[in-house]
Amino acid sequence: MKAPAGLTMLVGGARSGKSSLAVRLAEGFDGPVIFVATAVIGDADMAARVALHRQERPAHWSTIESPRFAADDSDALPLGACVVVDCLTLWVNEMMVASDEASIVSSARQLAASLTVRTSPTIVVSNEVGLGIVPMNAIARQYRDILGNVNRAFASSAAQSYFVSAGQVLRLQRPEDTFR
Numbered sequence: 381m382k383a384p385a386g387l388t389m390l391v392g393g394a395r396s397g398k399s400s401l402a403v404r405l406a407e408g409f410d411g412p413v414i415f416v417a418t419a420v421i422g423d424a425d426m427a428a429r430v431a432l433h434r435q436e437r438p439a440h441w442s443t444i445e446s447p448r449f450a451a452d453d454s455d456a457l458p459l460g461a462c463v464v465v466d467c468l469t470l471w472v473n474e475m476m477v478a479s480d481e482a483s484i485v486s487s488a489r490q491l492a493a494s495l496t497v498r499t500s501p502t503i504v505v506s507n508e509v510g511l512g513i514v515p516m517n518a519i520a521r522q523y524r525d526i527l528g529n530v531n532r533a534f535a536s537s538a539a540q541s542y543f544v545s546a547g548q549v550l551r552l553q554r555p556e557d558t559f560r
């Protein structure tokens, strides 16, 4: 199994298998792999989660730890490398510390556009947090809404998008490709 050329988006719930699938796809690439980690380690639980993710990926991969990875950072990546960005969920969380919704969505569109021009495989991972109940507090609703808009920006730019649930994959289609 290997990642297709261009931008691929993997979206799904927590612990659905998205990150593991991204690693498996990138392992099939015959060339260098760069893993972009967006997590900020703020407590012991997050440290343990990050350690587990590090164990899942090959030691020879390059890792860039960048909680606010941007289009300029993407533009500096070697064109012949496979890139895995894991994940937009934590990226949005970090971006909300310093930016408003319009700025975050604009940054997401710029980053997606930058990753789209890459011809080597680029895999972006994100959570789908809009399938549950409406959150009770304003910040959680705002987060859900921003992440939903960021996910839409990436999915609309991606060559292919997949929904991952319980370790299974479902290819997502654009409305214009579905309703003809």
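If you use this note's numbering, the sequence shown closes out at 560, no skipped numbers anywhere.
All C-beta atoms, glycine included, are put in the ideal place defined by N, C-alpha and C.
Buried versus exposed call for residue 508 [16 or more other C-beta atoms within 10 Å across all chains shown]: buried
Extent of the continuous alpha helix (DSSP H) to which residue 534 belongs: 518-537
For residue 475 and residue 448, believed in contact at Cβ under 8 Å, the rounded distance: 6 Å
Collapsed DSSP secondary structure at residue 445 in the structure displayed: strand
Sub-9 Å separation of residue 487 and residue 454 beta-carbons: no
Residue 560 classed as buried or exposed, judged by whether at least 16 other C-beta atoms fall within 10 angstroms: exposed
Limits of the unbroken beta strand (DSSP E) element including residue 541: 540-545
Cβ shell of residue 388 (< 8 Å), same chain only, five flanking positions each side left out: 405, 501, 502, 503, 504, 538, 539, 540, 541 and 542
Cβ-Cβ distance between residue 435 and residue 481 below 9 Å: no
Proximity below 9 Å, CB of residue 506 to CB of residue 382: no
Cα-Cα separation, residue 483 to residue 558: 31 Å
Outcome for residue 498 when other beta-carbon atoms lying within 10 angstroms are tallied against a minimum of 16: buried
Pair within 9 Å by beta-carbon distance, residue 416 and residue 446: yes
Backbone CA spacing between residue 515 and residue 411 [nearest angstrom]: 43 Å
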